[in-house]
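Residues in the sequence shown are numbered from 1 upward in steps of one, following the UniProt record's numbering. Every residue, glycine too, gets a C-beta built ideally from N, C-alpha and C. To start, the structure itself, in structure tokens.
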Amino acid sequence: MKEKDRRSKNASVTAAKSRGAEARGGRHEQGLPPAKGAGPGTKTATKTGPKAAAGGPPPKAAPRKSERPSVQESAPTRRIEPRSGEKPAERVPLILETAATAGYHLVDSGDGEKLEQYGPYRIVRPEAQALWPKALPASIWERADAVFTGDTEEDGIGRWRFPGEVLGETWPMQLLDTDFLGRFTSFRHVGVFPEQLAHWSWMRDQVAAAGRPLKVLNLFGYTGVASLIAAKAGAEVTHVDASKKAIGWARENQVLARAEKLPIRWICDDAMKFIQREERRGSRYDIILTDPPKFGRGPNGEVWQLFDHLAAMLDICREILSPDARGLVLTAYSIRASFYSIHELMRETMRGRGGRVESGELIIREGGLDGTAPGRALSTSLFSRWVPK
């Protein structure tokens, strides 16, 4: 279906979305183009013609042949039986912070916007949670390389304006020693969600310390950065996203990262259907990352609603965790809920499995022009993760 969409040219050209809404198949369908069509996060706008706007008679409908109804299949249903046993220990609230790195840092934020450094480019995008005034002078913001304009909704369509030189659609980036492509998309995303660095660093450490190849499942995997980081650390990775465009972008990233020979399965599929099949097959994973969107569609029109289907998804994820699993990680963006909601859901899901559930927020810390001047913290998303003790 998942976060969490991408293409661009100049001020007059709309970018192509890739998860984040295409999610994010991923989030993220979080950010790929509407063409993802089947990806989570895709929105459809209804436009009215000039006559309708002026109150005139509606235009005549052109005759058309009989139409087949579009597939609107709900995610597979699942009866969730109450689990027995003690709930896992808990650690709340846990705040996981993304500080400045060589490839990314948050320069400044405020007045509903954020100024970020992505590799060689300084970018301005909308940010509803930046309620405070900007700390840096307007002259700094005005020298940004790219500014997203248009709809300020998370998955709203807009355009990129380039105050100076018109930039290309993509550019090379690197995080955690992994190369990938940044991309200007019409849904304001750029192909990576840097706040996830906290989870990716944790995952990389788990893989490196395991002493054996861990099996990692990346649901709503978007553009594949997490999958590449896991594979480079020594994991066997299964990457699932409902968007063909997101999968295509992920494969581009694999080539750029010189990781063509690493064990990664790229699967374009509905996340719920995939994990149900894995449960029937008896497949097991040591680490599961899941980054679902609020709303999404799978490749065949399957409908994903986070509040309706999240409990079932986590229930299945528990069943396909290996006996020696290292963690189950859930990230939730742009939802009207407290982290305690997903925290208690995770604890109920993992009853009888021991371990600990850690929940809270992912934040990004401002770093100033050079990334070395810690400033305010910008909250980006909620998360909950189960880890064994």
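- Counting only runs of 3+ residues, the beta strand (DSSP E) found wholly inside the region 191–279 occupies 215–219, 236–241 and 264–268, in chain order.
- With respect to the 7 Å criterion, R356 and V387 are classified as neighbours on the basis of their beta carbons.
- Counting every other CB atom within 10 Å of its CB across the protein chains shown gives G112 a total below 16, marking it as exposed.
- Annotation for Y333: no alpha helix (DSSP H) segment contains it, and DSSP assigns it neither H nor E.
- Taking 3 residues as the shortest admissible run, the region 123–194 contains the following complete beta strand (DSSP E) segments, listed from N- to C-terminal end: 146–150, 158–161, 170–175 and 178–183.
- Cβ-Cβ distances below 7 Å link A144 to L115, R122, I123, V124 and P163 in the same chain, with the five nearest sequence neighbours on each side left out; the list follows chain order.
- Counting C-beta pairs with one atom in each stretch, the region 293–303 and the region 266–279 have three or more that are closer than 8 Å, which means they touch.
- Minimum Cα-Cα distance from D177 among the listed residues W200, R183 and G158 corresponds to W200.
- The DSSP-derived three-state label of R353 is coil.
- Linking T101 to Q117 through their CA atoms gives a straight-line distance of about 10 Å.
- Judged by DSSP secondary structure, D308 falls within the alpha helix (DSSP H) whose first and last residues are L306 to E319.
- Just measuring C-alpha positions, the residue of E361, E195, R318 and G224 sitting nearest I95 is E361.
- Membership of P93 in the beta strand (DSSP E) is indicated by the continuous run A89 to T98.
- Nearest Cα to L136 within the set E90, W160, L262 and S109: S109.
- For the pair of segments examined, the region 368–376 was found not to touch the region 179–195: the number of CB pairs separated by less than 8 Å stays below three.
- With respect to G352, I287 sits apart: the two C-beta atoms are not nearer than 7 Å.
- Using a Cβ distance threshold of 7 Å, L181 and N253 count as a contacting pair.
- Between the alpha carbons of S84 and T170 lies a gap of roughly 50 Å.
- When beta bridges are read from the DSSP output, D108 appears opposite L115.
- Counting along the chain, no beta strand (DSSP E) covers R79, and no H or E run does either.
- Taking every protein chain shown into account, the CB of T331 has 16 or more other CB atoms within 10 angstroms, so this residue is buried.
- Here DSSP, grouped into helix, strand and coil, assigns R281 to helix.
- Among the bridge pairs identified by DSSP, G360 is matched with L94 and F383.
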